[in-house]
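What follows is the structure in structure tokens.
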């Protein structure tokens, strides 16, 4: 379902020097598998998610999602693969403020090859407990309701893989477990793989597989050697 091989990503710093942030020899997930990715700030978690999503291209290596190697596609091609194969739950929700909950979910459908399915959008919002909020805009919803809308939007195109970047970080403690349960149960129901970045150890403890990116990413060890 997901395969990363020899993925390297380097950024150019303001002083002209190169900074290697990702050097991942191998990483694999199976269809329907649910995994937590842990690691301290600066170990490359967001870069890893962006590479998997095709938002940025690695300098080298292979990024295979559902049989498609994203490194062989142009940026528009990667955008199409993301729209059809991936769902992304952002830490800051990324809902459009001028659109209702229903419109935000429907908008998530417009970029894929599938037809817009208004009924599925309604059903997803009902699934996450927002059937009474279909026509409310984000500023009329609580933070927890906004995150649940973002979860519904990520599920809209029946993705093969959902990437969740700290999905509980901006949600109050009372709703954190609600968001985790919604993601996990929704992914199980539709056999969607889930890769979740989190610092919350209570959340991580609920998953059978927890990977520490700082241990997998050779760029972290290399940076430590330079400092020493």
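In this note's numbering, the protein residues as written are 4 to 231. C-beta: ideal position from N, C-alpha, C; glycine also.
Using the Cα positions of residue 49 and residue 27, report the straight-line distance between them to the nearest angstrom. Cα to Cα, residue 49 sits roughly 14 Å from residue 27.
Below 8 Å on the Cβ atoms is my contact criterion, and I expect residue 51 with residue 25 to pass it. Report the Cβ-Cβ distance as a whole number of Å. The Cβ separation is near 6 Å, so the contact holds.
Between the segment 207 to 224 and the segment 30 to 46, are three or more C-beta pairs nearer than 8 Å? Verdict: yes, contact present.
Where does the unbroken alpha helix (DSSP H) through residue 32 begin, and where does it stop? From DSSP, residue 32 is part of no alpha helix (DSSP H) but of the beta strand (DSSP E) over 21 to 32.
Considering Cα atoms alone, identify which of 101, 152 and 162 is closest to residue 68. Minimum Cα distance to residue 68 is reached at 162.
Who does residue 37 pair with in a DSSP beta bridge? DSSP links residue 37 through a beta bridge to 197.
For my contact list, residue 89 and residue 56 are in at a C-beta cut-off of 8 Å; report their separation, rounded to the angstrom. Residue 89 to residue 56, Cβ: 6 Å. Contact.
Between which two residues does the alpha helix (DSSP H) containing residue 165 stretch? Under the DSSP assignment, residue 165 falls outside any alpha helix (DSSP H), being part of the beta strand (DSSP E) whose first and last residues are 164 to 168.
So the candidates are 125, 198 and 211; which of them puts its Cα closest to the Cα of residue 106? Ranked by how close their Cα comes to the Cα of residue 106, the residues 125, 198 and 211 have 125 in first place.
What residues in its chain sit with their C-beta under 7 Å from that of residue 172, if we drop five residues either side in the sequence? The beta carbon of residue 172 sits closer than 7 Å to those of 94, all from its chain and outside the five residues before and after it, given in chain order.
Can you tell me where the alpha helix (DSSP H) with residue 5 in it begins and where it stops? First-last for residue 5: 5 to 15, but that is the beta strand (DSSP E), not the alpha helix (DSSP H).
Buried or exposed for residue 53, please, with buried defined as at least 16 other CB atoms from any protein chain shown within 10 angstroms of its CB. It counts as buried.
Would you mind reading off the limits of the beta strand (DSSP E) that contains residue 64? Residues 63 to 68.
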